[in-house]
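Enquirer:
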Amino acid sequence: MRTTLNISEDALEQVKEYASARSLSLGEAASVLVMRGSKQTIPVRKDGHFFVFSPGEDAETVTLEHALKIEDESE
Numbered sequence: 000m001r002t003t004l005n006i007s008e009d010a011l012e013q014v015k016e017y018a019s020a021r022s023l024s025l026g027e028a029a030s031v032l033v034m035r036g037s038k039q040t041i042p043v044r045k046d047g048h049f050f051v052f053s054p055g056e057d058a059e060t061v062t063l064e065h066a067l068k069i070e071d072e073s074e
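In this text, residue positions in the sequence shown follow numbering that gives the first Met the number 0: the first is 0, and each later residue adds one.
(1) When you compare only the Cα positions, how much space is there between Ile69 and Ala28?
(2) So is Val14 buried or exposed if we call it buried at 16+ other beta carbons inside 10 Å?
(3) I need the boundaries of the alpha helix (DSSP H) containing Val14, first residue and last residue.
(4) Going by Cα to Cα distance, which pick from Ile41, Ala18, Val43, Pro42 is closest to Val31?
(5) For a test of the three-state rule: what should DSSP assign to Arg35, helix, strand or coil?
(6) Going by the CB atoms, is the gap between Val61 and Val51 shorter than 9 Å?
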């Protein structure tokens with residue numbers, strides 16, 4: 000099926016890289032990635048007005064200091 004999508008430049012580059020690495024057309028690569036992404040389940044619950052997810056027990060705890068360090072490094 001033919002269609003037109005407006006996607007970000009970054010997303011297009013990711014699809015192109017994926018397609019190139021696997022000898023797929025852009026359409027085939029986009030289809031694979033969309034289907035894979037739609038099957039991913041992230042346990043999300045609503046807590047009042049906010050959506051909250053649990054990253055899992057083995058996830059590293061992010062402290063305020065860690066967040067501030069990442070912020071400083073991104074500037």
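For each residue, glycine too, the CB sits at the ideal point set by N, CA and C.
Keep in mind it's a predicted model, so treat the numbers as computed, not measured.
Expert: Let me lay it out:
(1) 32 Å
(2) buried
(3) 8–21
(4) Ala18
(5) helix
(6) no
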